[in-house]
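Have a look at the structure below, then the notes.
In full-length UniProt numbering, the protein residues as written are 1 to 260.
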């Protein structure tokens, strides 16, 4: 099946879960994104792969307009209900579209955001080049996403486990590759830091609607992982059951040159 069809299927099924997800709705990184961006009242924001609409909602009171884009119609509908009907935002527009082929003219936006989504993109390079294209000179990209370890063996196992949980997962990238791809897209990295995200194993699985057998298979995979991998992800067990683990997440702010 085409990967983007997988994404549509998965997020169409789990749209409501993503709106209410604690990780997506309440993470401190959401407030950090707004604070670091320092948005202005005259600015226009594009939130790529908006998911539950949490970033769009956070930026809405600070700017002139937010465009919330997503590949999945049901996800957009859930986000619109959350952002507009429930939260009362009136300056957010919802657009069905592809992160790798943004349906907007050159130099349209002051800020482009993408939070906890890029690991679903088959072509991250295309997304970064598109972000550069639609940003105005001096505009900024703010990106948050799960990252893989630099060690190839650890990264491979992490991505395998993510795909077991979520068939729409494509790849989590290490920090070094994010920096290189961002540079190749013509953007200059201004802020970059990594923070830990602690995940409850059961909630992490249930967010994707996994049945018990699928959860058990992932648990076995984690328990059989090398000790170095389990230390890297701080895998915690209680009564021979994995209860929680930790993934590292990248916060990246990059800017388009002021020169055209």
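The beta carbon of each residue, even a glycine, is placed where N, CA and C say it ideally should be.
Counterpart residues of residue i in DSSP-defined beta bridges
i: residue 198; result: 246
i: residue 236; result: 244
i: residue 146; result: 249
i: residue 188; result: 255
i: residue 229; result: DSSP, once it has assigned bridges, lists no residue as partnering residue 229.
i: residue 173; result: 147
Residue from the options with nearest C-alpha to residue i
i: residue 157; options: 210, 36, 233; result: 233
i: residue 242; options: 218, 118, 226, 101; result: 218
i: residue 47; options: 225, 149, 259, 143; result: 143
i: residue 172; options: 205, 188, 163, 148; result: 148
i: residue 167; options: 194, 228, 121, 199; result: 121
i: residue 238; options: 42, 73, 200; result: 200
i: residue 277; options: 194, 228, 126, 197; result: Beyond the ends of the chain as shown, which are 1 and 260, falls residue 277; an answer cannot be given.
i: residue 151; options: 61, 226, 29; result: 226
i: residue 249; options: 96, 115, 180, 31; result: 115
i: residue 40; options: 31, 28, 29, 61; result: 61
i: residue 174; options: 154, 130, 160; result: 154
i: residue 133; options: 86, 186, 74; result: 186
i: residue 229; options: 194, 161, 29; result: 161
i: residue 236; options: 105, 198, 216, 31; result: 198
Residue i - DSSP class collapsed to helix/strand/coil
i: residue 168; result: coil
i: residue 210; result: coil
i: residue 253; result: strand
i: residue 259; result: coil
i: residue 15; result: Low per-residue confidence applies at residue 15: pLDDT is 48, beneath 50, and the placement is therefore not dependable, though the value from the model is reported in the following sentence. Note: residue 15 maps to helix in three-state DSSP.
i: residue 224; result: coil
i: residue 42; result: coil
Cβ neighbours of residue i in the same chain (closer than 8 Å, five flanking residues each side left out)
i: residue 190; result: 140, 253, 254, 255
i: residue 117; result: 48, 49, 51, 99, 145
i: residue 44; result: 63, 64, 65, 66, 67, 108, 109, 110, 111
i: residue 165; result: 204, 205, 208, 210, 214, 218
i: residue 97; result: 69, 70, 71, 103
Residues near residue i in its chain [Cβ-Cβ closer than 6 Å; skip 5 each side]
i: residue 80; result: 94
i: residue 83; result: 53, 56, 57, 89, 92
i: residue 138; result: 258
Cβ-based neighbour list, residue i, same chain, cut-off 7 Å, excluding 5 preceding and 5 following
i: residue 170; result: 3, 119, 120, 121, 122
i: residue 279; result: The requested residue 279 does not occur in the structure, where the chain is confined to residues 1 to 260.
*Enumerated in chain order, which unbroken segments of the beta strand (DSSP E) with a length of 3 residues or greater are wholly contained in the UniProt domain "Methyltransferase type 11" (46–142)?*
Listed in chain order, they are 65–70, 92–96, 109–115.
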